[in-house]
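Read through the structure below, which is laid out as structure tokens, and then see the notes.
Residue numbers (the numbering used here): 675 to 896.
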């Protein structure tokens, strides 16, 4: 009887855990993300300590982490500022300011390496026409194992001359963080092009493969 009760209790706990775990992880991820972002956006309200009593601003009454409502206000302010930059980017003055910022950042030693790399990755995931072109399947990290990647370009000149094959560059993102990954050069005949869009491919990778796009109707009929 005791064993039966223990078995039923364990089964109930595992069932409840399976149901609540996605919600718990989602809430924890949002909390972590909010805390991480607010550590940067809180600086936008640096002037509050001069206008209000620090005890009404900071959790410890002096400095450091702000109360959540001030952090939320700072986050909203950051969204407004970023949206304003987006609006300005549509006009001549905004484009000139962005070009000036790019030039200034690219002229700072060491920082220009990080800035340039991050900017290229950002443009790629933002849908830049010169970045990700097609979602493909390649045998990686070894023969018999397949990875989803993005075709970025066709390699000519030295690479093609040395290999004597038609080589393509494929970026294979890591999961669930697709901003890092591996660049592999693969013979074109070893690459299998997929019908999913680039956006669907990114979603597939970020979701750890749990969100798989359906086949288009014309493909199903083949």
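Where a beta carbon is used, it is the ideal one built from N, C-alpha and C, also for glycine.
Every value quoted in this text rests on a predicted model; they were computed, and no experiment measured them.
Using a 10 angstroms sphere on the CB of residue 837, the tally of other CB atoms stays under 16, which defines it as exposed. DSSP places residue 843 inside the beta strand (DSSP E), whose first and last residues are 841 to 847. Secondary structure note for residue 858: its beta strand (DSSP E) is the uninterrupted segment 855 to 861.
When beta bridges are read from the DSSP output, residue 740 appears opposite 732. In the three-state reduction of the DSSP assignment, residue 768 falls in the helix class, which pools H, G and I. Spanning the alpha carbons of residue 713 and residue 681 requires a straight line of approximately 46 angstroms. 883 is the residue among 770, 773 and 883 whose C-alpha sits nearest the C-alpha of residue 820. Under the DSSP definition of a beta bridge, residue 824 partners with 809 and 845. Rounded to the nearest angstrom, the gap between the Cα atoms of residue 870 and residue 704 is 28 angstroms.
For residue 874, the enclosing alpha helix (DSSP H) stretches over residues 872 to 880. Residue 694 has no beta-bridge partner at all, per DSSP. Sorting 843, 813, 770 and 868 by C-alpha distance to the C-alpha of residue 858 places 843 at the top.
Take the alpha-carbon of residue 763 and the one of residue 778: they are about 17 angstroms apart.
Straight-line spacing of the CA atoms in residue 827 and residue 698 works out to 41 angstroms. Excluding its 5 nearest sequence neighbours in each direction, residue 747 has C-beta neighbours in its own chain below 8 angstroms: 719, listed in chain order. Residue pairing by DSSP places residue 866 opposite 811 in a beta bridge. If you draw a straight line from the Cα of residue 847 to the Cα of residue 744, it is about 36 angstroms long. For residue 688, the secondary structure class from DSSP, reduced to helix, strand or coil, is helix.
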